[in-house]
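Student: Under the working numbering, the first residue of the sequence shown carries the number 8, and numbering increases by one thereafter.
We put the CB at the ideal spot given by N, CA and C, even for glycine.
Have a look at this one.
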Amino acid sequence: MACLCGKTLVVRRSTGSARGSAQRLLARGQLHSVSRGRSRHDGRDARPGRGVRRRGAGAVLRRRPRHRPGELPPAARDPRPSSLGRRRSRGGGVVLPQARAARSARFQGAHPAGGVPPQVRAARRGPRPVPRRRESRCALHVLRACAGARVRRNGVPLTTSADVERPFRFGVRFGVRLSGRSPLAWLRDRARQAEQLGYDVLMLPDHLDTVSAFPALAALAGVTTRPRLGTFVLNTAFYNPALLARDAATLDMVTDGRFDLGLGAGWAEHEFDEAGLPFPAAGARVAHLEHTLAVLRQRFGAAPRPRILVAGSGKRLLAAAAREADTLSLASVPVHTRPVTDAVVEQALAARIAHIRSAACRPVQDLELGLTLGSVTLAGHGAPDLSMLRNSAPGLSDDELPALPGVLHGAPAEIAETLVRYRERHHLTHFVAPAADMVAFAQVIDRIRGHRCPA
């Protein structure tokens, strides 16, 4: 604690802030000296220059005060807390300077506002509000959030699976080409089979050589009752956001509220060429996706609306999805370390999840995280199909691709344990398998149904 007594600053507690204030006032000529001891308010000597010795760059007290600041006479104390430094006294406040010192010519010239130094004006106004400490968004903070620690960012608690446990949801995506025989009849049969196998979501892609997703999903609504129906995923660069919002809301009504709107930024350059559209840079495509998400939120409002899913792998896309989407599906996990081992892939996946968490700015239970499966192969049924993964991870060889998290290979019980581990460590609960592996993945679903991962 420190107090002003005439033109002498009496340092009553050896704090860095008090010493710094004294040195600054001395440099400006606003004080004669710094004194160790008590002010004349309590009858002790406070003569300039007494009891101060130098150590390093600051004034250090010879001994501690013999009484607490709260023992000062009531007339000498201001009831408001001190603002003369970062540390506040446990006692009754700050001793204000005498009126003649405040009215002195030096103070009048240096401090036009009534001749009172800014430190004293701050004390009279009362304590400054303590600013809310913002948690660091460093890797350690994010990893603590992912590991289950209770932390806060922007005042929003980041809860984890220990607080709320999200159930698994399993989907299957059908790529039905227009050139096949009776594609709609085949799709209806497969949709009925998927519902019997226990799938939660039936999804259709959006390519120029496949059936149009919206009318095909409307047809599937008539032959299914339980599973949700969705797109996986629409190329938003092909759609006007306002018209897309209208069509999505209409399909949600046709399906009795079972529609999931899956969106992506678009990646197949040859499809842009076939459609006669320019192929924008990646940043422009992601910017259009962000604009589409904002328009959809505005158009849908608070009324019952389709769930929004975003699939991708780029950092900017994942950040936008973390803020606006209901479900985020990792299309791939970039790996830049060689050799590609299970530990390296696990670290890459954890880094991606940490990036999503840091960008979400909302409780984690509001965002469903998922993984796009490229291949599901049971043990004894041949090698995994890596054709899809070659497009999403072109920098990896066929020997390295099986280590990616989107490749599941082994016995049904082993794959089920892998998915439970993904849920426990990374909160991944939404998995979409290709139609070719629908029957094989159903055996994994049977193993995992009803399984509660430990909190």
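1. Counting Cβ pairs, one atom from each stretch, are 3 or more of them under 8 Å apart for the region 363-374 and the region 384-392?
2. Using 8 Å as the threshold, is the C-beta distance between leucine 408 and valine 383 below it?
3. Grab the span of the beta strand (DSSP E) containing threonine 238 for me, first residue to last.
4. How big is the Cα-Cα spacing for glycine 321 and histidine 295?
5. How about the region 222-241 and the region 266-274: do they share at least three Cβ pairs that are nearer than 8 Å?
6. Give me the residue from Ala289, Ala400, Ala423, Arg306 with the minimum Cα distance to asparagine 247.
7. For arginine 184, is the classification buried or exposed, using 16 other Cβ atoms within 10 angstroms of its Cβ as the cut-off for buried?
8. Which residue from Asp263, Ala400, Ala275 puts its Cα closest to that of arginine 235?
9. Run through DSSP, which three-state label would arginine 369 get?
10. From the DSSP output, in three-state form, read off glycine 319 for me.
11. Is the shortest distance between the beta-carbon of alanine 418 and the beta-carbons of chain D less than 8 Å?
12. Please identify the residue among Ala201, Leu250, Glu202 whose C-alpha is closest to the C-alpha of phenylalanine 221.
13. Just reading off the alpha helix (DSSP H) that serine 399 is part of, what are its end residues?
14. How many Å lie between arginine 197 and alanine 449 at the Cα?
15. For arginine 180, write down the residues that DSSP places opposite it in a beta bridge.
16. Measuring CA to CA, which of Leu396, Ala447, Tyr429, Ala442 is closest to glutamine 417?
17. Report all residues from its chain with a CB closer than 8 Å to the CB of alanine 326; omit the five preceding and five following residues, and keep chain order.
18. According to DSSP, is histidine 295 helix, strand or coil?
19. Pull the bridge partners of glutamate 375 from the DSSP assignment, please.
20. Can you tell me whether histidine 388 is helix, strand or coil according to DSSP?
21. Alanine 442: which of Gln200, Pro419, Glu276, Arg188 sits nearest, CA to CA?
22. Buried or exposed for threonine 436, please, with buried defined as at least 16 other CB atoms from any protein chain shown within 10 angstroms of its CB.
23. Could you pull the DSSP bridge partners for serine 382 from this structure?
24. Check whether the Cβ atoms of leucine 209 and threonine 231 lie closer than 8 Å to each other.
25. Excluding sequence positions up to five away, which residues of its chain have a Cβ less than 6 Å from the Cβ of glycine 229?
26. Check whether the region 282-289 touches the region 349-363, taking contact to mean three or more Cβ pairs, one atom from each stretch, closer than 8 Å.
27. Considering Cα atoms alone, identify which of Asp259, Cys368, Leu376, His298 is closest to alanine 318.
28. For methionine 445, tell me which candidate among Arg180, Arg253, Ala400 has the shortest Cα-Cα distance.
29. On the premise that leucine 380 lies in contact with glycine 413, defined as a C-beta separation below 8 Å, what is that separation, rounded to the nearest angstrom?
30. With burial defined as no fewer than 16 other Cβ atoms inside 10 Å of the residue's Cβ, what is the status of methionine 260: buried or exposed?
31. Would you call alanine 400 buried or exposed, if buried means 16 or more other Cβ atoms sit within 10 Å of its Cβ?
32. Is arginine 314 helix, strand or coil when you go by DSSP?
33. Glutamate 464: buried (16+ other C-beta within 10 angstroms of its C-beta) or exposed?
34. Which residues share a DSSP beta bridge with leucine 435?
35. Bridge partners for aspartate 267 per DSSP, in chain order?
36. Can you tell me the Cα-Cα spacing of alanine 146 and phenylalanine 245, whole angstroms?
Tutor: In short:
1. Pairwise C-beta distances place the region 363-374 out of contact with the region 384-392, as fewer than three of them are shorter than 8 Å.
2. Not in contact: leucine 408 and valine 383 (Cβ atoms no closer than 8 Å).
3. For threonine 238, the enclosing beta strand (DSSP E) has its first and last residue at 235-238.
4. Here the alpha carbon of glycine 321 sits roughly 14 Å from the alpha carbon of histidine 295.
5. Contact between the region 222-241 and the region 266-274 is present, because at least three Cβ pairs lie under 8 Å.
6. Among Ala289, Ala400, Ala423, Arg306, the Cα nearest to that of asparagine 247 is on Arg306.
7. Under the 10 Å beta carbon count, arginine 184 is surrounded by fewer than 16 other beta carbons and is classified as exposed.
8. The shortest C-alpha separation from arginine 235 is found at Asp263.
9. Coil.
10. Strand at glycine 319.
11. Absent from the structure is chain D; it holds one protein chain and no more.
12. Scanning Ala201, Leu250, Glu202 for the CA closest to the CA of phenylalanine 221 turns up Leu250.
13. Per DSSP, serine 399 belongs to the alpha helix (DSSP H) from 394-399.
14. Those two C-alpha atoms are separated by around 13 Å.
15. According to DSSP, arginine 180 bridges with Met210, Pro441.
16. At residue 417 the sequence reads glycine, which differs from the glutamine that was named. Shortest Cα-Cα distance from glycine 417 to any of Leu396, Ala447, Tyr429, Ala442 involves Ala447.
17. Excluding residues within five positions, the ones whose Cβ falls inside 8 Å are His362, Ile363, Ala366.
18. Correct three-state label for histidine 295: helix.
19. Under DSSP, glutamate 375 forms a beta bridge with Thr334.
20. In the displayed model, histidine 388 falls within coil according to three-state DSSP, outside both helix and strand.
21. Of Gln200, Pro419, Glu276, Arg188, the smallest CA-CA separation from alanine 442 is found for Gln200.
22. Counting every other CB atom within 10 Å of its CB across the protein chains shown gives threonine 436 a total of 16 or more, marking it as buried.
23. Note: serine 382 sits in a beta bridge opposite Val414.
24. Yes, Cβ-Cβ distance for leucine 209 and threonine 231 is below 8 Å.
25. No residues qualify anywhere along the chain.
26. The region 349-363 and the region 282-289 do not touch, with fewer than three beta-carbon pairs separated by less than 8 Å.
27. Looking only at Asp259, Cys368, Leu376, His298, the smallest Cα-Cα distance to alanine 318 is reached by Leu376.
28. Here the closest residue by C-alpha is Arg180.
29. Contact between glycine 413 and leucine 380 holds: their C-beta atoms lie close to 5 Å from each other, under 8 Å.
30. Classification for methionine 260: exposed.
31. The residue is buried, with at least 16 neighbouring Cβ atoms inside 10 Å.
32. Three-state DSSP puts arginine 314 in a strand.
33. Nothing about residue 464 can be reported from this structure: the residues present for the chain run from 8 to 462 only.
34. Answer by DSSP bridge pairing, in chain order: Leu376.
35. Residue pairing from DSSP places aspartate 267 in a beta bridge opposite Gly237, Arg314.
36. Note that alanine 146 has pLDDT 40, beneath the 50 cutoff, so the model's placement of it is unreliable and the number below is only indicative. Distance between the alpha carbons of alanine 146 and phenylalanine 245: 37 Å.
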